[in-house]
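Residue numbers (the working numbering): 586 to 1124.
C-beta: ideal position from N, C-alpha, C; glycine also.
If you're wondering where the values come from, they're calculated on a predicted model, not measured in any experiment.
Written out below as structure tokens is the structure these notes cover.
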Amino acid sequence: MSFRNFLLGATLLLPTIFLRSQEGDGFLQGRLLDSQTQEPVVFATVRVKSRAVGVISDQTGGFKIPVSFRTKGDTLLISSMGYMTRTIRLSVLEEDGINTILLDPAVIELQESVITAKAKRLKAKDIVRYAIENIKENYPQEPFSYIGYYRDYQIKDDDYLNLNEALVEVNDKGFNTIDTLETEFLIYEYRKNRDFKIDSFAAKPYDYLNHDKVIPSAKINSYGGNELLLLRVHDPIRNHRLRSFSFIYRLQKDFIENHVFRLRGKTIYNGQDVYQIGVYRNDSNFKVEGTLYIDVTSFAFRKVEYEVYQLVKKRKIQDAVFPYGHDNFFDTADENLLFKVILEYRQNASRENIMYPNYISFQNKFNVVRPPKFNIDRITLDATNRELEVFLNKPVANRGDLKLSDFKLRYRDKKVKLAKVVQHDDKTYHLKVDKDAARQRGLLNLLFSKTEDEEKRSLQLEIKNMKDRDGNLLGKREVETLFQFREFFVQEIIPFQQDLQLQKYFMKKNRPLYDSVQPIRMPDRGKGYWMNTPLKRLK
């Protein structure tokens, strides 16, 4: 299988309360931890019991609930796959600081315990097949709407970067329709959160031409949609009839054929029994590991965890990235996470036999190749003296160590012999060409002619071993690995909204959320929802 054919994405056509400061003015903050391991409980559902509204815990187990709910005597209902459901009175939570809440793991029955008289006839593959065959019965075929919190961000060294947030209403025509074509969105609010670090270079679009920002061995194509649609095409259940991402592709046709399944046992979610099924695939280039959580009674997919790893050897990154001289970069890891999808569906009080979206999280690894800290600023040609003036952006620290052989010049893909290199000052060098070399006289006449020559723009100069005072090698570009996250968390399922007066405010699907042309509109029904902004650091 060609790396370039690797697919990440699919060709699928209360008064308003907002964050007033990063530390949560007007909010109760909590953190969910496993009572045995003290590890964060990620993606737990935290709902206000008297209303069908709530949030999902983040990577630290953190969440925020408006203080106003406490004054009304409300209770939180906290549930997570594999944990006992817990209720907490909001009145016991402190407004200052972060409230730690412990969740008790549920007892997981191993495979032997799962095998009952009925289950003896079921293999893991059979359970998955039944889950796929029952999508029509278990998921909404009629139009429905929901309001949720969208965010995208990057993580580097346990820090959030480039956090963008939005409150969005989703009007879904039902699972029998093509999501990217027929689902409409209303953006209530959007913001770039400047309380978090901004890295404009890492925030730029993927660049497979200059390789400044790439996903190793894969591409994410926009397919005409923005970042929210890109997230949604990574839901293989909502898009079960259509081609999604590697290696699920079309869930109905390809998923079972492309994977191996193993019944691990049984756990609970909200007091209901759930099969826990391992998902595996392994070939020469990629490895898949995942877990499916399937309802024992209805065979509904409740949760999907799907991870794809690249199995790699040392691999040289293309030399063409580095025009002025460079080191070679290698990917030395034995296996690398390429991307990960986690999504969950849950029942809604109005229709308990139907599963509705709860959250989806899509993360992928990417590399950025930073511009050199020490670099050639510009090169000018002196036709009179037949020399090149090379201007550096920083002073040279080791000029005494440099030799003529460290300077290599090419023009029209041919080597240009140098006679002498003279340092004019600590940031400028004069390169004198060898005018007596008969075989390059014609080449030099072209180089120093006054006529415009496109080839002069591709003049290549490589200088080895040159360092600045900070020890940076000239032209060396550092490769950094970061993780990109796109996530959507449902706060409330509501009746389908079909307000004709609001159609002109629907999101423009082919434009980024941050684009100034995107309509922003908060109808009355949008009041009472909030942005569950994460804490600034993961640890």
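query                                                                                                                            : result
Completely contained alpha helix (DSSP H) runs for the segment 820-862, where each covers 4 or more residues                     : 840-843
Cβ of R984 within 9 Å of any chain D Cβ                                                                                          : No chain D appears in this structure, which consists of one protein chain only.
Contacting residues, own chain, Cβ-Cβ under 7 Å from N747 (five flanking each side not counted)                                  : Y738, Q739, I783, D784, A787 and A788
Span separating the alpha-carbon of M1116 from that of I927                                                                      : 20 Å
Boundaries (first-last residue) of the alpha helix (DSSP H) holding N723                                                         : I720 to N723
Beta-bridge pairing of S653 - partner residues as DSSP gives them                                                                : S653 pairs with nothing; no bridge assigned.
Selection from A637, G639, G759 and D643 that minimises the alpha carbon distance to L618                                        : D643
Helix, strand or coil at D919 according to DSSP, with G and I counted as helix                                                   : The predicted model places D919 with a pLDDT of 43, which falls under 50 and marks its position as unreliable; any figure quoted below should be read in that light. Looking at D919 - three-state DSSP - the assignment turns out to be coil, as it is neither helix nor strand.
DSSP state of F951 mapped onto helix, strand, coil                                                                               : strand
Whole-angstrom C-beta distance between N719 and S883, which should lie under 8 Å                                                 : 7 Å
Nearest neighbour of R817, chosen from S946, M666 and V640 [CA to CA]                                                            : S946
Per-residue DSSP class, three states only, for Q1088                                                                             : helix
Cβ contact check for the segment 985-1002 and the segment 1100-1108: 3 or more pairs under 8 Å                                   : no
Same chain only: Cβ atoms within 7 Å of L1016, ignoring 5 sequence neighbours per side                                           : E972, L973, V975, F992, L994, L1003 and V1006
Reference L1059, options K979, V677, K950 and V692, closest by Cα                                                                : K979
Beta-ladder partner(s) of F1074, from DSSP                                                                                       : Y734 and Y944
Identity of the residue in S664, Q623, Q621 and R636 nearest Y1114 by Cα                                                         : R636
Own chain residues within Cβ distance below 6 Å of F959, not counting five before or after                                       : K979, D1053, N1057 and L1059
Pairwise C-alpha distance: I650 and L613                                                                                         : 5 Å
Spatial neighbours of K1093 in its chain, beta-carbon cut-off 7 Å, leaving aside the 5 residues before and after                 : V1102 and Q1103
Reference G1173, options D880, N1050, N943 and K988, closest by Cα                                                               : This structure leaves residue 1173 out entirely; the chain is present only between 586 and 1124.
Identified DSSP bridge partners for K979                                                                                         : DSSP, once it has assigned bridges, lists no residue as partnering K979.
Spatial distance of I961 from L1098 (CA atoms)                                                                                   : 37 Å
Assumed close pair S653, T630 - CB separation to whole angstroms, cut-off 8 Å                                                    : Their Cβ separation, rounded to whole angstroms, is 20 Å, which puts S653 and T630 out of contact at 8 Å.
Other residues of its chain near L814: CB distance less than 7 Å, five sequence neighbours each side excluded                    : T765 and K1094
Candidates G615, L848, A709 and E892, of which the one nearest E680 by Cα                                                        : G615
Three-state class that DSSP yields for F786 in the structure shown                                                               : helix
Unbroken beta strand (DSSP E) run spanning G639, endpoints                                                                       : V638 to I641
Pairwise C-alpha distance: N749 and R776                                                                                         : 6 Å
Residue span of the beta strand (DSSP E) that contains G615, given as start and end                                              : F612 to D619
Contact the segment 818-827 vs the segment 862-873: 3+ CB pairs below 8 Å                                                        : no
Every unbroken beta strand (DSSP E) inside the segment 968-1023 [3 residues or more]                                             : 972-977, 992-996, 999-1001, 1003-1010 and 1013-1018
D1100 - containing alpha helix (DSSP H), residue span                                                                            : Note, D1100: premise wrong, no alpha helix (DSSP H); not H, not E.
Same chain, Cβ closer than 8 Å to L1028, neighbours up to 5 away in sequence not counted                                         : Y996, R997, K999 and V1001
Own chain, CB closer than 8 Å to V713, minus 5 neighbours either side, in chain order                                            : F840, I841, F846, I862, L877 and I879
Contacts around I1078, its chain only, beta-carbon distance under 8 Å, and the 5 residues preceding and following it disregarded : A637, F729, S730, Y731, N933, S935 and Y941
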